[in-house]
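K.L.:
I'd like to ask you about the structure that follows.
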């Protein structure tokens, strides 16, 4: 099931070392202005290039092939393609016998009986997030005046991100981080009491982003240590504005009109330059090995725009489900 | 959308102060032994009664009305009903004008244009979790040899739970907690690379449980501070057993055969005995008020079996989707 | 998958000889007036009693147990139950070894590995259509000013229905019929170009009604013999009113604002009083046998209100999907 | 909702006069042999070229861009693209003001508030069926030994198809037809008792094919005139082989192991060369006009392989849902 959404539905396809990756968005309303150039800023934010990111360089040039006519959405499915150019498949032959720790090599091989495209992670590659980001741009258009802002607020346990990256480069070991996300101007009433709580649908989308291992809304894990009289957010007016925001903008699974706020944990990039140990299927023994290929030392640097995209996709679906 | 699952589908219905609550499970395979008595142990674990839990006492007697014949599942939808008995609706008249902080009173009123059954939270009540627990028992049967064990490992910031409850009673203020959940004997290969990652589907179900505000898999938020060389779990044999389990049993969204492990944050019960402030729609001003009704001082005490149920439901669906 | 609908979702459960059958409707908007008495007229139309219908008499008293508060829908799932009273399970012991021709006995036994509740067809019984009819009443409320009218226009090949029934009684053999359905005041624009064409979603719901074996929209099978210049409906004004209605109100899968019109074929009741032949699993030979139990000689008499319900359910879902 | 299927899911996209059309298939099992050449025979059957078909010539060269690696399915989403080449968009300017009778011009304009790509029907074009046929080839692979055979058995009311086409050419008026479809080697037990009956899911897919206006299973509309003792198919052995096949291989919504058989009605091509009448939005009057562009005189000639594809897609989904 590689589809997300009930009304605003996103499908992604392609492999890291195939000819292209792409996304189809079904259920986007007609009449939304959508220019080619509108896609570029978020795609640019996701690109590698900064210190601590991979040397694989893709142009990430989006090709809109359906669903947009005269720079306006038509109501038909929107498909956007991205050609893969800078691939080096030979780098990946070895992983067939020595599954990389932290990566999905082992589980993909088992799940698909060895038929998966193993080159660069195949369909499971972070490369696919370029398609998520494109879908996120469309979703943000659907959300209109609602703003979503995700920021890397901590890397390698350090809130000074530059220093954290510098240390990782010196150390030649990958690091993770914390991304904080805030959504403003969201109306009251999105989300359902139980199975489609706002937390349920947002976390469902967010955990689709590779490397995410935790999410907390509002005070989150901190709330578990608080007293009710402190945690409860006093309601101050008829619009429901609260004095504090420990709930992160969600009560009983439903948005309450205050800022929706959550934090996600990004694990360290699995591809660390350090030597590691893994099982070798040929020699049938545990062996030391080193990762080849080009990788991000701190993938968390590129995650914020992807979290924004996942959040936008989830909220666009909630908006269309709410029908108001 | 009050339904969970693609193949093993769970629907819950009823209100806190209506005649009954219930659950329909569609997609459960035929031929699974299912006695009335099998439902009782988990229902018992969810019941109030201990210090720190509500004085509302429901018998929680399950009435199986379809889908089971001669104590075996038939393949038809399974419906189980629970009568409500000990309701005191008069307690709730006041909340129509003074929405309780931390509760869904305000958002439900807005979402449903004032037509929601406001008595005791209506459909949004924790009372509905009795239906979740019943569905969880069926799901556990589907999962067969897989075991799911959730435990309250911290309450009010204290790992000594008895002491934490005692302090809350003395303090007359509600507290939250941390529930840890471990799943054993789970096969390799459940979950999908992106939108239906194991983390996505489990978190979707878990955030359907009232009061949950955070979830982390494996090292979770701790992973954000670790280095890749430390976080990566070395693969030790051809079955994929890992030396450590920082991944919590999931790589790339897919179960890896090691223990699946996650922790959830439970916020303090919104209904604290302490005086609070909220908006009064009649007087159009912020006023102090005190919660009426009977409530849990530490709802986290009753949460573990509900987390087990949500997890079992999510995993039963993954199992049937995997088809093996 | 015993659920219909994407936004207006209907789940039915129960067995012919179990304690009750019921329906849960999820996704019904809040604020719709819904009295107990509103359910009765359509339930009455479905009841047996007339010449040619079964002698099993059920009161079909609906018990609304959730989702309606103060006679208005709340937005929460609506569940309605119907107790079974007049069951004679002993009548059905024999079918375990001699599957009845035309019935689902054989396929149910195989599909569910023998675990199905075989009494009176179990979950597959026409008894479940009482739940469909109840859901249809809710759906009609959602559709508001749109009217749906289904009529038995032919029975046993005869357009004089009374005469057809009389002949069947004399002949002591069951008969089928044709039900015509017309929907008025439907807006332009419901349905999707391909997979969720109006014909697709209506036929999906209609073929859920037992005994239906064909459906045609507008001129239907007659269209296959017509010329394009005759079949095309000339558009006469800016509202899209057409001179003829060979399309049955649907172009390219989308409603065009004219009357939506279709006809369905109802096969003869499988339970004919006549002697038949079937395989006997015990004697391992083909044997003559006669149906026991109480049955409708012409089930088509009771089908129109069920077709209206199926149509209303499909259209209510299209309406909520259209969002306007 | 431009997606079909619960487990084997098909998404189509593109427009008649856009750069390409395509299909993504999600949920196809890994390990199925799938060569580029395997797509060609069915694509060839769908092509124009014969007398009575359009002069628009597309190469229909499939470009497999994901989900297949080393000529085997990987378990990841399969995407196949088809470039559009022979488009003449100028032909379609006039339809913006004079909606063509029988076509979707009017309803698309209303549904999408005028934002639809109107060129050649845009997303609603029969051009999209090339994507359906490609998905059908994959579905047939999933179905393995099950064979699906659709045939044009009647055109313009004549069972001599060549004569029917000749008459249509002479007459310069479009015609429709009847397509019969038979499925062999299908196991017992596919389909669900109510909402996902085999008839429901097949008809849902079949009515996604443009120009289809009716479907009947087994004796279909003929059954409405038969007596029960004649219509019932006597069961002759323990495998469930029946003496007759009036049920068309489906009892109670579930396949019974006999040949699955159905017929569909194809309406005459809406684009007839004959002069017609329609509303002109500019002159605000009914006017005579003639269709421009290149069209099929008898689209039914090209329909059988598309019906096979729709059927294969529906059955592949039922197979994967059945899990056996």
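Residue numbers (the working numbering), protein chains in the order written: chain A, 8 to 331; chain B, 8 to 331; chain C, 8 to 331; chain D, 8 to 331.
All C-beta atoms, glycine included, are put in the ideal place defined by N, C-alpha and C.
For residue 117 of chain C, does the count of other Cβ atoms within 10 angstroms reach 16, so buried, or fall short, so exposed?
P.N.:
Classification of residue 117 of chain C: buried, given that the 10 Å Cβ count is 16 or more.
K.L.:
Could you name the residues that DSSP lists as bridge partners for residue 33 of chain B?
P.N.:
The partner list for residue 33 of chain B (beta bridge, DSSP) reads B/16.
K.L.:
Nearest-angstrom Cα distance between residue 102 of chain A and residue 23 of chain A?
P.N.:
For residue 102 of chain A and residue 23 of chain A, the distance between alpha carbons rounds to 15 Å.
K.L.:
Under a three-way DSSP split, which group does residue 315 of chain D fall into?
P.N.:
Looking at residue 315 of chain D - three-state DSSP - the assignment turns out to be helix.
K.L.:
Which residues, taken in chain order from the region 267-285 of chain D, show a beta carbon closer than 7 Å to some beta carbon of chain C?
P.N.:
Correct list: 272, 273, 274, 275, 276, 277, 279, 281, 283, 284, 285.
K.L.:
Mind listing the chain A neighbours of residue 103 of chain D? Cutoff is C-beta to C-beta under 7 Å, in chain order.
P.N.:
By Cβ distance, chain A contributes nothing, its closest Cβ being about 12 Å from residue 103 of chain D, past 7 Å.
K.L.:
Could you pull the start and end residues of the alpha helix (DSSP H) that residue 149 of chain A belongs to?
P.N.:
Here the alpha helix (DSSP H) through residue 149 of chain A covers 136-150.
K.L.:
Within the 8 Å Cβ cut-off, does residue 152 of chain B reach chain A?
P.N.:
Not an interface residue.
K.L.:
How about residue 204 of chain C and residue 198 of chain C: are their beta carbons less than 8 Å apart?
P.N.:
Yes.
K.L.:
Below 7 Å on C-beta distance, what does residue 26 of chain B contact in chain C?
P.N.:
What residue 26 of chain B touches in chain C: 72.
K.L.:
Would you say the region 45-62 of chain D touches the region 233-253 of chain C, given that touching needs at least three Cβ pairs under 8 Å?
P.N.:
Touching, no.
K.L.:
Taking C-beta pairs closer than 9 Å, name the residues in chain A that residue 13 of chain C reaches, listed in chain order.
P.N.:
Here the neighbours are 13, 14.
K.L.:
Taking DSSP as the reference, what is the three-state secondary structure of residue 50 of chain C?
P.N.:
Helix at residue 50 of chain C.
K.L.:
Of all Cβ atoms in chain D, is any one closer than 8 Å to the Cβ of residue 78 of chain A?
P.N.:
Not closer than 8 Å to any Cβ of chain D, the Cβ of residue 78 of chain A fails to qualify, so no.
K.L.:
Less than 8 Å between CB atoms is the rule here; does residue 8 of chain A satisfy it with respect to chain D?
P.N.:
So yes, residue 8 of chain A belongs to the interface.
K.L.:
Closer than 7 Å between beta carbons: that is the criterion. Which residues of the region 81-93 of chain D meet it against chain A?
P.N.:
The residues in question are 81, 82, 83, 84, 86.
K.L.:
Starting from the beta carbon of residue 130 of chain B, find every residue of chain A whose beta carbon is closer than 7 Å, and list them in chain order.
P.N.:
Correct list: 200.
K.L.:
Determine the burial state of residue 167 of chain B: buried for a count of at least 16 other Cβ atoms within 10 Å of its Cβ, exposed for fewer.
P.N.:
Burial call: exposed.
K.L.:
I'd like to confirm something about residue 49 of chain A: is its beta-carbon nearer than 7 Å to some heavy atom of the ligand MG, or not?
P.N.:
The ligand MG is absent from the structure shown, which contains no ligands of any kind.
K.L.:
Could you give the residue range of the beta strand (DSSP E) that holds residue 202 of chain D?
P.N.:
Counting along the chain, residue 202 of chain D falls outside any beta strand (DSSP E), and DSSP gives it neither H nor E.
K.L.:
Taking 8 Å as the threshold (beta carbon to beta carbon), is residue 118 of chain A in contact with chain D?
P.N.:
Yes, contact with chain D.
K.L.:
Applying a beta-carbon distance threshold of less than 7 Å, which residues of chain B neighbour residue 99 of chain C?
P.N.:
None at all; the shortest Cβ gap to chain B is about 12 Å.
K.L.:
List the endpoints of the continuous beta strand (DSSP E) containing residue 339 of chain D.
P.N.:
Coverage of chain D is limited to positions 8 through 331, which leaves residue 339 of chain D absent and any answer about it impossible.
K.L.:
Determine whether the Cβ of residue 330 of chain B lies closer than 8 Å to any Cβ atom of chain D.
P.N.:
Chain D contact via Cβ: present.
K.L.:
Where does residue 247 of chain C sit, in a helix, a strand or coil, going by DSSP?
P.N.:
Coil at residue 247 of chain C, not helix or strand.
K.L.:
What in chain D is Cβ-close to residue 311 of chain C, meaning under 9 Å?
P.N.:
Under the 9 Å cutoff, chain D gives no residues; its nearest Cβ is about 14 Å from residue 311 of chain C.
K.L.:
Taking all protein chains shown into account, decide if residue 40 of chain C is buried (16 or more other Cβ within 10 angstroms of its Cβ) or exposed.
P.N.:
When all chains shown are included, residue 40 of chain C counts as exposed.
K.L.:
Measure the beta-carbon distance from residue 265 of chain B to residue 252 of chain B and round it to whole angstroms, keeping in mind my assumption that it falls under 8 Å.
P.N.:
About 5 Å; that satisfies the 8 Å criterion.
K.L.:
Is residue 255 of chain A close to chain D? Criterion is C-beta to C-beta, closer than 8 Å.
P.N.:
Cβ-Cβ to chain D under 8 Å: no for residue 255 of chain A.
K.L.:
Count the other CB atoms within 10 Å of the CB of residue 289 of chain C; is the residue buried (16 or more) or exposed (fewer)?
P.N.:
Residue 289 of chain C comes out exposed.
K.L.:
Where residue 76 of chain D and residue 43 of chain D are concerned, what is the direct C-alpha to C-alpha distance, given to the nearest angstrom?
P.N.:
Cα to Cα, residue 76 of chain D sits roughly 11 Å from residue 43 of chain D.
K.L.:
Alpha carbon to alpha carbon, what distance is there between residue 56 of chain B and residue 313 of chain B?
P.N.:
Near 16 Å, if we compare the C-alpha coordinates of residue 56 of chain B and residue 313 of chain B.
K.L.:
Locate the beta strand (DSSP E) running through residue 159 of chain A, then write down its first and last residues.
P.N.:
Residue 159 of chain A -> beta strand (DSSP E) spans 154-162.
K.L.:
With distances taken Cα to Cα, identify the nearest neighbour of residue 68 of chain D among D/165, D/45, D/149, D/296.
P.N.:
Among D/165, D/45, D/149, D/296, the Cα nearest to that of residue 68 of chain D belongs to D/45.
K.L.:
Pairs of beta-carbons, one from the region 76-90 of chain B and one from the region 173-187 of chain B, closer than 8 Å: are there three or more?
P.N.:
Judged by Cβ distances under 8 Å, the region 76-90 of chain B makes no contact with the region 173-187 of chain B, as fewer than three pairs qualify.
K.L.:
Which residues in the same chain have their Cβ closer than 7 Å to the Cβ of residue 73 of chain C, if we skip the five residues on either side of it in sequence?
P.N.:
Contacts found: 83, 84, 85, 86.
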